[in-house]
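A short write-up of the structure that comes next.
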Amino acid sequence: MLINLFYLFSGLLGLICFIIIIMQFKYNKLLNIYLLLSFKLLALNFLFKGLDGFNILCLTAKGHNAYYPFLIVIIPAMYLFFINIDKDSKKFNYKELVHFIFPVFLVVLNLLARRLLIESVPLFTIKLFFSILFEAYVIYYTTIIYIFLKNKIWNKELDLVNIKQNRIVKQWAFFIFYLYSLIVFHLIVVISLNLKSVNNLELNNYKFFPALLLNIMYFKILFTPEILYGYTVMQDKVKEHDKSNFILKDLWILDSLEGITNVQDKALGAKIAKYTSSYIHDIEKLVFKHEIFRNPNASLNDMANRLKIPKSHLTFVFKYLSRVSFTEFKKIVRIHDALQLIEKGYLQSNTIESLASKVGFSSYSPFYTTFKEVTGISPQIYIKKK
């Protein structure tokens, strides 16, 4: 009773996971058609097993056993899954169907042998022959998967621009291969132990372990945003949220790192990519809360010292993540400061010249010019409108 409920749960969880991730399929490097195929087949397999246990489908009573057809197709599908996440390809390639020829042939040959040779050849001999073929086939594909992952993904040099994403791909590939290997090892042991059974229905009694492993994978997918949404989509969501909290929202560009051509800047961009949002928040806090630009001589070096951030990092921020230069940024912040002071009634007891000096301008003339550039009108007209 409980085991059948567990199989039902595994099947339903697999289908739910399949439906959710297929909606993110297009933008997620960690998913492709072969993993989705495996998900669907495994989910249906356990769903049918659970329903069969409650005599809803009655597959066992009718002599049906979908164990081999389901799992043998998944073997090449897993190999193609790893091949395609390395290529970041989601398109179906008809040439890859060649990998499914042997497993389908093996299933058909097995069914024919059981029907045509059962009277002349002992069942044990038939099962031994196909078990050896099947196990050799599984070991072969598991070996080439391991060799491919070792050479192409696990030991691959990290792309400086996509270092975080590539690390996630490595971890994801290792996790999937680890679960796959456990399931394959379990399958080989079970098949070897059931050689003397009259049919393969006993194999269904050993599905708890692979179902448990698959549930672990389903929960990891559902509770890992990088896998569920894809690293790029998740980062876009984070950037969008971060940008919405900036004071000068239209000034910052968080998605401009891809266009960097300078090798040194590219390396630095990859190094500080995860800190850029916090850098911008710290910069805005320093200039608006602590009003560092009220000092007429405030420089980028002063800002770096106050923030305890390398000057090269701040130079990078204003070079690639800001729509304006550091000099222009200072002017904009000072006008923003002036507008805040006007709102608070500063000019009720002070002159415009005093306001210009207060916010960090050396004289009224550059204040006037910058004020008009930023607001579109002169300080006098702005004050009259207020």
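Just so we're aligned: the sequence shown equals residues 11 to 396 in my numbering. Just so it is clear, CB atoms sit at the ideal spot from N, CA and C, and this is done for glycine as well.
query, result
"Extent of the continuous alpha helix (DSSP H) run through Gln350", "Phe336 to Glu353"
"Environment of Met313 [buried if 16+ CB atoms lie within 10 Å]", "buried"
"Sufficient close CB pairs (3 or more, under 8 Å) joining the segment 82-93 to the segment 148-156", "yes"
"Neighbour-count burial assignment, Lys299, 16 or more Cβ in a 10 Å radius", "exposed"
"Contact belief for Leu310 with Phe326 at Cβ below 8 Å, rounded distance in angstroms", "Rounded, the Cβ-Cβ distance is 11 Å, inconsistent with contact."
"CB-CB length for Lys340 against Ala308, believed under 8 Å", "7 Å"
"Where Ser48 sits in the DSSP three-state scheme", "helix"
"Proximity of Ala183 and Ile95 at Cβ, strictly below 8 Å", "yes"
"Contact under 8 Å by Cβ, Arg344 with Phe303", "yes"
"Sheet register partners of Ser332 (DSSP bridge)", "Trp262"
"For Leu57 and Leu22, believed in contact at Cβ under 8 Å, the rounded distance", "7 Å"
"Straight-line gap, Lys137 to Leu25 (C-alpha atoms, nearest Å)", "32 Å"
"Asp292 versus Leu317 - alpha carbon distance", "7 Å"
"Where Met88 falls, given that 16 or more other Cβ within 10 Å makes a residue buried", "buried"
"Euclidean distance between Cα positions of His251 and Lys329", "Reliability of the predicted coordinates at His251 is poor, the pLDDT of 43 falling under 50, and the value obtained from them is presented with this limitation in mind. Roughly 22 Å separates the two Cα atoms."
"Inter-residue Cα distance where the pair is Val199 and Phe16", "22 Å"
"Span separating the alpha-carbon of Pro306 from that of Asp260", "25 Å"
"Inter-residue spacing [alpha-carbon to alpha-carbon] between Pro132 and Leu51", "32 Å"
"Sequence-distant residues of the same chain with beta carbon closer than 7 Å to Asn49, five excluded per side", "The question names Asn, but residue 49 is Phe in the sequence shown. If we look at Phe49 and ignore the five residues flanking it on each side, its Cβ neighbours are Gly24, Cys27 and Phe28."
"Where Met227 falls, given that 16 or more other Cβ within 10 Å makes a residue buried", "buried"
"Leu224 to Val194 span [Cα, whole Å]", "13 Å"
"Assigned exposure category for Ala71 - 16 Cβ within 10 Å defines buried", "Here the model assigns Ala71 a pLDDT of 46, short of 50, so the residue's position is not dependable, and the following value carries that caveat. Classification for Ala71: exposed."
"Under the three-state DSSP convention, the category Ala76 falls into", "Any reading at Ala76 must be qualified, since the residue scores a pLDDT of 45, below 50, and its modelled position is unreliable; the value itself is stated next. Ala76: coil per DSSP, three-state reduction."
"Between the CA atoms of Asn204 and Lys105 - distance to the nearest angstrom", "36 Å"
"Lys382 and Ser375 closer than 8 Å at C-beta", "no"
"Exposure of Lys59, with buried meaning 16 or more beta-carbon neighbours within 10 Å", "buried"
"Three-state secondary structure (DSSP) of Phe28", "helix"
"Proximity of Glu294 and Leu349 at Cβ, strictly below 8 Å", "no"
"For His291, three-class secondary structure by DSSP", "helix"
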